[in-house]
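Numbering (our numbering), first residue to last: 5 to 404.
As structure tokens, the structure follows; a few thoughts come after it.
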Ligand code: PMP
């Protein structure tokens, strides 16, 4: 490609506007063009300096990971078939995944986190057995995906603003800042869906007390681990483990196959009869996704990436909190952090300026800056990022 970056940018912008609806939004006021990515770097055409990716929690074990490339190639050039025929990739992977799941659960594979949550919600709905409107609890600041059912239980849109579309189900959105005793006011509510660390909600944590109360009050507790599973939060493989509880259903997506589309709905065996009587998902659990997902687990284990996430996350949190005049709080855990600036800082400008300095971060609910890089991120990259945040803070202060 020898077109100037700005020319390519302009052309992509025009074509997107012509062919896609406005709902296909993009990040950044002035977007950058990504040509390729490797490990935690993005490369733009005609730009020798890579961008450091501090936001992509899908490419969990790094962009273009060579073992994933090899797995996709070898699986696809051998066989790529659905779950209706016997094939070893499916069972080999599920046995490996089972090492991370307590006894007594079964699994169905999907294509996405939304599909996994949709299936979980269908189980809960059938389990409720009620002719009345299905009652379910969720949290304010939650986001659970794109299907109609997922939309019903999501408080926010994917951009982190309030979803004002009226709900058909009887969903109550609890405020995580309230006391969990609030649950006693809803004795008929038998199901609850939650993210232990709310992603779109700004990488903020739901308290252990809330998790334990929900566990003791409802029949079907769904823990959405789409953002936080696979060691992301450092201390545990699944984020809900911090509360020492077992949900009835665990849902996964994003990192499970490092960007090869896949999701999983992991449910207690006794819920099997509440599933649709037959389940077939053309792509879910196919030969390629299972082989790729197995490599994700192998790399996590061999490179001890969960431990790395814990160490890097603690370090980054500590370094950021040194900017105590501007950063009020850092929420989250491991490599899943939400940076809360004081009101004087324009966070959108900060994110845009970081991009201009070649650091990619995101923004969630209430202008919280979100950090969730590939788990391979190094201390060196973190140091450069922290220095750049400091530099931008100074230049923003001088501007005033
Ligand atoms: N649950 C959570 C917590 C998410 O953050 C998302 C996506 N941002 C989803 C579910 C939906 O996943 P997908 O986009 O793969 O359908």
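For glycine and all other residues, C-beta sits at the position ideal for the given N, C-alpha and C.
As the structure is a prediction and not an experimental result, all values here were calculated from the model.
Short check: CB of residue 256 to CB of residue 268, under 7 Å?
yes
Whose C-alpha, out of 219, 23, 72 and 30, is nearest the C-alpha of residue 260?
72
I need the DSSP call for residue 175, collapsed to helix, strand or coil.
strand
Please find out if some non-hydrogen atom of ligand 1 comes closer than 6 Å to the beta-carbon of residue 117.
Taking 6 Å as the cut-off, one finds at least one heavy atom of ligand 1 near enough to the beta carbon of residue 117.
What does DSSP give as the partner residue(s) for residue 127 in the beta ladder?
Paired residues: none, contrary to the question.
Sequence-distant residues of its chain with Cβ nearer than 7 Å to residue 128 (five each side left out)
140, 195, 224 and 226
Residues near residue 280 in its chain [Cβ-Cβ closer than 8 Å; skip 5 each side]:
126
Backbone secondary structure at residue 63 - three-state DSSP
Three-state result, residue 63: coil.
Helix, strand or coil at residue 389 [DSSP, three-state]:
In the three-state DSSP reduction, residue 389 falls in the helix class (H, G or I).
What are the uninterrupted segments assigned as alpha helix (DSSP H) that are 4 or more residues long and contained completely in the stretch 283-339, given in chain order?
291-306 and 309-325
Quick check for students: name the residue ranges of the alpha helix (DSSP H) that lie wholly in the stretch 101-172, counting only runs of 4 or more.
117-132 and 152-156
Rounded to whole angstroms, what is the Cα-Cα separation between residue 294 and residue 92?
9 Å
If we ignore side chains and look at the alpha-carbon of each, how far apart do residue 115 and residue 283 end up?
13 Å
Per DSSP, which one or two residues make a beta bridge with residue 272?
109
Determine whether the beta carbon atoms of residue 221 and residue 250 lie at a separation below 7 Å.
no
Element boundaries [alpha helix (DSSP H), containing residue 225]:
Element bounds for residue 225: not the alpha helix (DSSP H) but the beta strand (DSSP E), 224-228.
Considering only heavy atoms of ligand 1, does any lie closer than 6 Å to the CB of residue 147?
yes
Validate contact between the stretch 166-177 and the stretch 310-320 using beta carbons, cut 8 Å, 3 pairs:
no
Selection from 65, 306, 217 and 262 that minimises the alpha carbon distance to residue 292
Residue 262 is the option with its Cα nearest to residue 292.
Within the chosen definition, does the stretch 341-359 reach the stretch 11-29 through at least 3 CB pairs nearer than 8 Å?
no
Going by DSSP, what residue range makes up the beta strand (DSSP E) through residue 358?
Counting along the chain, residue 358 falls outside any beta strand (DSSP E), though it belongs to the alpha helix (DSSP H) covering 351-360.
When the distance is taken between beta carbons, is residue 362 closer than 7 Å to residue 97?
no
Which residue's Cα is closest to the Cα of residue 218: 273, 189, 238 and 106?
Nearest of 273, 189, 238 and 106 to residue 218, Cα basis: 189.
On the CB-based measure, 16 or more other CB atoms within 10 Å of its CB, does residue 108 come out buried or exposed?
exposed
Residue 411 CB to nearest heavy atom of ligand 1 below 6 Å:
This structure cannot speak to residue 411, because the chain is shown only from 5 to 404.
Sheet register partners of residue 195 (DSSP bridge)
140 and 224
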